[in-house]
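Trainee: Quick one: the structure is below, questions incoming.
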Amino acid sequence: SALHELESEGRDRTYVLRLPIGYEQRDDWPLVVAFHGRGSSGAEVEGYSELSRLPAVVAYPNGEIGTGDGYRRAWQGAPYAPLGVDDVAFTGDLLDRLSERFCVDETRTYATGKSNGAGLVALLACRMPERLAAVAPVAGAYYPGTGEGCAEVAGPAVPVMAVHGTGDTTIPYDGD
Numbered sequence: 015s016a017l018h019e020l021e022s023e024g025r026d027r028t029y030v031l032r033l034p035i036g037y038e039q040r041d042d043w044p045l046v047v048a049f050h051g052r053g054s055s056g057a058e059v060e061g062y063s064e065l066s067r068l069p070a071v072v073a074y075p076n077g078e079i080g081t082g083d084g085y086r087r088a089w090q091g092a093p094y095a096p097l098g099v100d101d102v103a104f105t106g107d108l109l110d111r112l113s114e115r116f117c118v119d120e121t122r123t124y125a126t127g128k129s130n131g132a133g134l135v136a137l138l139a140c141r142m143p144e145r146l147a148a149v150a151p152v153a154g155a156y157y158p159g160t161g162e163g164c165a166e167v168a169g170p171a172v173p174v175m176a177v178h179g180t181g182d183t184t185i186p187y188d189g190d
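See the structure below:
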């Protein structure tokens with residue numbers, strides 16, 4: 015895997031990219047985008063998720079430094095998200111970049127994320143449904159901002175596989 019840069023909305027953004035074993039330019043590969051939780055990184059998600067073992071192109075974007083304690087990386091939709099950062103636009107720019115440079119099947123683009131990253135995945139599912147085949151949020155942190163602007167979007171329903179354990183003490187299953 016390697017760290018790549020992309021300019022989006024006037025900001026230099028980064029992501030880790032992993033091509034599948036046996037990648038060839040002539041094939042249309044599925045694309046998976048995996049978003050980290052608050053305070054984490056794309057490299058960390060790659061390390062524990064094992065998504066890079068899939069026969070797919072996998073991108074692990076890095077969030078920008080958010081507000082609140084610790085100046086930790088975060089995603090749009092959360093109350094501690096970085097001000098003025100449009101992660102929906104960044105994701106669209108990232109999908110454009112990857113489809114331009116790699117042989118990915120745009121009808122097989124998937125998004126997953128953990129915690130704050132899962133909240134962003136929910137926002138992406140409603141704001142850019144035509145670009146995602148399915149989403150899989152894990153231990154989702156769903157704040158009011160993760161649904162912002164969704165009522166105005168009319169698009170196809172995005173299949174969702176939500177994973178959340180009842181023993182989660184950080185983002186409780188029953189909310190808080």
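According to my numbering, the sequence shown is numbered sequentially starting from 15. For glycine and all other residues, C-beta sits at the position ideal for the given N, C-alpha and C.
Where does the unbroken beta strand (DSSP E) through E21 begin, and where does it stop?
Mentor: Within the sequence shown, numbered from 1, the residue matching residue 21 stands at position 7. Counting along the chain, the beta strand (DSSP E) containing E21 begins and ends at A16 to S22.
Trainee: Can you check the stretch 67–128 for any beta strand (DSSP E) of at least 3 residues that lies completely inside it and give the ranges in chain order?
Mentor: Counting only runs of 3 or more, we get 71–75 and 118–128.
Trainee: Check the DSSP bridge columns for A153 and list the partner residues they point to.
Mentor: As a first step, residue 153 must be located in the sequence shown, where it is residue number 139. Answer by DSSP bridge pairing: none, since A153 is not bridged.
Trainee: Could you tell me the distance, in whole angstroms, from the CA atom of H50 to the CA atom of D190?
Mentor: Residue 50 sits at position 36 when you count from the first residue of the sequence shown. Residue 190 sits at position 176 when you count from the first residue of the sequence shown. If you take the alpha carbons of H50 and D190, they lie about 21 Å apart.
Trainee: Less than 7 Å between the beta carbons of S66 and E60, yes or no?
Mentor: Locating residue 66 in the sequence shown gives position 52, counting from the first residue. Locating residue 60 in the sequence shown gives position 46, counting from the first residue. Yes, the pair counts as a contact, with Cβ atoms nearer than the cut-off.
Trainee: Whose CA, out of K128, L137 and V72, lies closest to the CA of T184?
Mentor: Sequence index remark: in the sequence shown, residue 184 carries index 170 (1-based). Closest by alpha carbon: K128.
Trainee: Distance check for L138 and D110, CA to CA, integer angstroms please.
Mentor: In the sequence shown, the residue the question calls residue 110 occupies position 96. In the sequence shown, the residue the question calls residue 138 occupies position 124. Going by the C-alpha atoms only, they are around 15 Å apart.
Trainee: Determine whether the beta carbon atoms of V172 and V152 lie at a separation below 7 Å.
Mentor: As a first step, residue 172 is located in the sequence shown; it is residue number 158 there, counting from the start. As a first step, residue 152 is located in the sequence shown; it is residue number 138 there, counting from the start. Cβ distance not < 7 Å, so V172 and V152 don't count as in contact.
Trainee: If you reduce the DSSP assignment to three classes, tell me which class A147 lands in.
Mentor: Sequence index remark: in the sequence shown, residue 147 carries index 133 (1-based). Three-state DSSP puts A147 in coil, outside helix and strand.
Trainee: So what does DSSP say about V46, is it helix, strand or coil?
Mentor: Translated into the one-based positions of the sequence shown, residue 46 becomes position 32. In this structure, V46 counts as strand in the three-state DSSP scheme.
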